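Worksheet: the structure to be examined is printed underneath.
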Amino acid sequence: MHGIWREFDGAFRALEERGKGKALASPSVITIDGMEARVELTQDYPYISERDDAGNPTWSTQTVGPQMTMTPRVGRDGVINLALDLETGEVIQMITGSTGEQMPRTSKRHVTTNVRVRDGEPFVIGGLFSDNKSRTRNRIPILGQLPLLGELFTYRQDEHRKTQVVMLVVPYVLDTPDAAIEQEPLFPRTAAR
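Note that this note's numbering gives residue 30 to position 27 of the sequence shown, counting from 1, and the numbers run on in steps of one.
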């Protein structure tokens, strides 16, 4: 069984080497039967959401990136019932808000599932696709605002990005606290494209 999963790891590495994939992280989490565990690989984007009458800004934060919660239950037969909730998001474009300030426009994807796996048996969560098109418009201050001539000092850039988040999860049942130290990871990384 592990031979097949090692082939997946090889495919992920090949994507990375060609610049078509990127390893986000390889976290390890320990939890207790029936207790929720959480992994967050997020980034905060602060922005000015509004201004008061005196012009003082009110800051808000947009959080994006993969977040996963999992709750394991180990059955009498040794099979692990794993409830998973995975959300991922990204900033796809900076837009001008009602205050005239730049704000992040985000795209989010979410999946909730339950799986039954054996101890040490890897499984893949995929299908979190994103296909985003954006247009950025920059202009040279003052010159870009001139009537008629302003367009000569304006630059537009179109971007088309396709991404897919793939997560490999390998649950282990640990009999003792020391077993966590002895456990070798099946794969050294997780890949996303």
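Glycine residues also receive a C-beta, built at the ideal position from the N, C-alpha and C atoms.
Since we're looking at a predicted model, the values are computed, not measured.
Top-ranked residue by Cα proximity to residue i, from the options
| i | options | result |
| --- | --- | --- |
| Thr52 | Glu154, Gln148, Met97, Gly22 | It should be pointed out that residue 52 corresponds to Ser in this sequence rather than to Thr. Ranking the options by Cα distance to Ser52, first place goes to Met97. |
| Thr74 | Val32, Glu19, Glu162 | Val32 |
| Thr66 | Val94, Gly58, Val77 | Val94 |
| Lys165 | Pro30, Leu177, Asp80, Ser110 | Ser110 |
| Met38 | Val77, Leu44, Ala26, Lys25 | Val77 |
| Thr45 | Thr34, Asp56, Ala28, Gly58 | Ala28 |
| Ala86 | Gln148, Asn117, Leu18 | Asn117 |
| Val176 | Glu19, Ile83, Lys23 | Ile83 |
| Glu104 | Thr34, Arg54, Phe126 | Arg54 |
| Thr139 | Leu149, Pro150, Thr157, Phe126 | Thr157 |
| Pro60 | Glu19, Thr102, Lys23, Ala26 | Thr102 |
| Pro125 | Arg108, Arg142, Pro174, Thr34 | Pro174 |
| Glu43 | Gly68, Asp56, Gly147 | Gly68 |
Backbone CA spacing between residue i and residue j [nearest angstrom]
| i | j | result |
| --- | --- | --- |
| Arg16 | Arg41 | 26 angstroms |
| Gln70 | Asp134 | 20 angstroms |
| Thr72 | Leu89 | 7 angstroms |
| Asp12 | Thr64 | 35 angstroms |
| Ile145 | Gly153 | 8 angstroms |
| Trp62 | Pro49 | 7 angstroms |
| Gly123 | Asp36 | 16 angstroms |
| Gly81 | Asp178 | 12 angstroms |
| Gln167 | Arg9 | 20 angstroms |
| Arg196 | Arg159 | Summary for Arg196: the model assigns pLDDT 41, below 50, so the residue's position carries little reliability; its value from the coordinates is reported in the next sentence. So the two alpha carbons sit approximately 26 angstroms from each other. |
| Ala14 | Asp161 | 30 angstroms |
| Arg79 | Val127 | 24 angstroms |
| Ile143 | Arg119 | 57 angstroms |
| Asn141 | Arg108 | 17 angstroms |
| Lys25 | Leu151 | 44 angstroms |
| Pro30 | Glu19 | 18 angstroms |
| Thr115 | Thr34 | 19 angstroms |
According to DSSP, residues forming a beta bridge with residue i
| i | result |
| --- | --- |
| Val173 | Looking at the DSSP assignment, Val173 forms no beta bridge with any residue, so it has no partner. |
| Lys23 | Paired residues: none, contrary to the question. |
| Val94 | Thr109 |
| Asp47 | Thr66 |
| Ala40 | Met73 |
Proximity of residue i and residue j at Cβ, strictly below 7 angstroms
| i | j | result |
| --- | --- | --- |
| Val169 | Gly129 | yes |
| Thr91 | Leu131 | yes |
| His113 | Lys136 | no |
Residue i: CB within 6 angstroms of a non-hydrogen atom of the ligand PLP
| i | result |
| --- | --- |
| Gly92 | Absence of the ligand PLP from the depicted structure is noted, as is the absence of any ligand whatsoever, leaving it without description. |
C-beta neighbour in chain D for residue i, strict 7 angstroms
| i | result |
| --- | --- |
| Arg41 | Protein chain content of the structure displayed is limited to a single chain, and chain D is not contained in it. |
For the stretch 56-92, list the beta strand (DSSP E) runs that are entirely contained and at least 3 residues long, ordered along the chain.
60-67, 70-77
Every unbroken beta strand (DSSP E) inside the stretch 110-167 [3 residues or more]:
126-142
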